Amino acid sequence: MTTTRWIWQAPDWPALHFNPQALQPAFSAARLAQGRLLGLASSLQLVDLAELQLTEWTQEAIATAQIEGEVLQVNSVRASAARRLGLPGASAGTRDPRTEATLDVLQAAVGQWQHAITADDLFGWHAALFPTGRSGMQPIVTGGWRTHPEPMQIVTPRFGKPDVVHYQAPASADVPAHMAEWLQWFNASRGQIDGLARAALAHLWFEAVHPFEDGNGRIGRAIVELALAQDMQSPQRLMSVSTQLLHARADYYAHLQAATGRPDVDVTPWVQWFAARVQGACEAATTHIQAALAKTRFWARIQADYPALSASQRKALGRLFDAGPEGFAGGLSTEKYVNLTGVSRATAYRELTHLTELGLLNRTGQGRGTRYGLADDVGSAEQTGVQA
1071 MTTTRWIWQA PDWPALHFNP QALQPAFSAA RLAQGRLLGL ASSLQLVDLA ELQLTEWTQE
1131 AIATAQIEGE VLQVNSVRAS AARRLGLPGA SAGTRDPRTE ATLDVLQAAV GQWQHAITAD
1191 DLFGWHAALF PTGRSGMQPI VTGGWRTHPE PMQIVTPRFG KPDVVHYQAP ASADVPAHMA
1251 EWLQWFNASR GQIDGLARAA LAHLWFEAVH PFEDGNGRIG RAIVELALAQ DMQSPQRLMS
1311 VSTQLLHARA DYYAHLQAAT GRPDVDVTPW VQWFAARVQG ACEAATTHIQ AALAKTRFWA
1371 RIQADYPALS ASQRKALGRL FDAGPEGFAG GLSTEKYVNL TGVSRATAYR ELTHLTELGL
1431 LNRTGQGRGT RYGLADDVGS AEQTGVQA
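Following this note's numbering, the numbering of the sequence shown begins with 1071 at its first residue and continues without gaps.
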């Protein structure tokens, strides 16, 4: 008699379901955050919108790789994302294969938002992740479902003791049938259930089948990006869910394990947790936009009201603005101003005094303890016109 232990062994598999009433608060909070993000994004100029997308592309690629322990270089990812977005001045320098592979998959996934996906699409994404046909030093099947006869297990090795098996996926021989069901459901379910729930279910179901020898997490998170693009009816990348998953990586794995590690297709807790991560992604992107808009309006105000400021004064103001409400650690002193701008000490004192007289800086302390900070009303939400 076979022991029923995993979700795919449940009698009702793969009819995953959730309690809509229990999830209403989570869905409402996520949709509210999503609406605020979309509303704020709609007010952006094209150049600001492109910069937002560049930031979110970069964060998503770095996070989805880092969840699996792979570190991508920020500059490499940002340069590749800029090229893909067609941004002016994008670098055409040396390309990192791992960066290109990760962005290839994300771009292909989101680019599919208006169309049904097929097994060949998934095979293409997988082959792009492993262009050498190897995962590290190990040769693997790429561009096709796994075929190895050994159990596909997620384990924690223990020295001198049996491994701890956290999850065991269906046998390789059964993967084609499982994925045929998944593909049929994914393509047919668009618009039939809540889009956030659909993204959560699609990810969980895919990870439960674990159809590839490696790369299942990254492909699964690319599927999340596709499902959310379909939900928002746009390929524009305005938020990074993988960044939220990375920040809560232990919880991410724990919730996946809890959902897949029992023969029960009621996955309400998983969907609730996932919706909260989408909410967090929307809120983080909203904060980023607000900061970018505040900075743009801050400089517009400086240019309009104080056009005669020197380059060194502008540089110091910019650094203080970027430092935020907390300001420089220990405050901005004359010595720090000299080191930051390269001007003489006498010029630094004169320029700081000038900025204080204009009302742009506050001065505290005396003598060698004199410190400067951005005036309270300079760059505030009221002054820049940015509201939460």
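C-beta: ideal position from N, C-alpha, C; glycine also. Please read all numbers here as calculations on a predicted model, not as lab measurements.
Collapsing the DSSP output to three states places S1382 in a helix.
Our two residues, E1277 and V1234, have alpha carbons roughly 19 Å apart in a direct line. Annotated as proximal: A1131 and L1176, with beta-carbon spacing under 8 Å.
Inter-residue distance for T1172 and C1352 is about 22 Å (C-alpha atoms, whole angstroms). Contiguous alpha helix (DSSP H) elements confined to the stretch 1162 to 1240 occur at 1167 to 1181 and 1189 to 1199, taking only those with 4 or more residues. In the DSSP assignment, R1332 falls outside any beta strand (DSSP E) and carries neither an H nor an E.
When the beta-carbon positions are compared, V1279 and A1239 come within less than 8 Å of each other. Measuring C-alpha to C-alpha distances from G1194 to each of G1285, Q1262, T1125 and A1120 identifies G1285 as the nearest. Rounded to the nearest whole angstrom, the C-alpha separation of P1095 and W1343 is 12 Å.
The DSSP-derived three-state label of T1074 is coil. Excluding five sequence positions before and after L1428, the CB atoms of its chain that fall closer than 7 Å to its own CB belong to Y1376, given in chain order. Beta-bridge partners of Y1442 (DSSP): L1402 and R1433. Around the C-beta of R1291, 16 or more other C-beta atoms lie within 10 Å, and the residue is accordingly described as buried. Here DSSP, grouped into helix, strand and coil, assigns H1424 to helix.
Per DSSP, reduced to three states, the secondary structure at H1273 is helical. Looking at the DSSP output, H1087 shares a beta bridge with D1336. Of all C-beta pairs linking the stretch 1264 to 1276 to the stretch 1142 to 1161, fewer than three are shorter than 8 Å, placing the two stretches out of contact.
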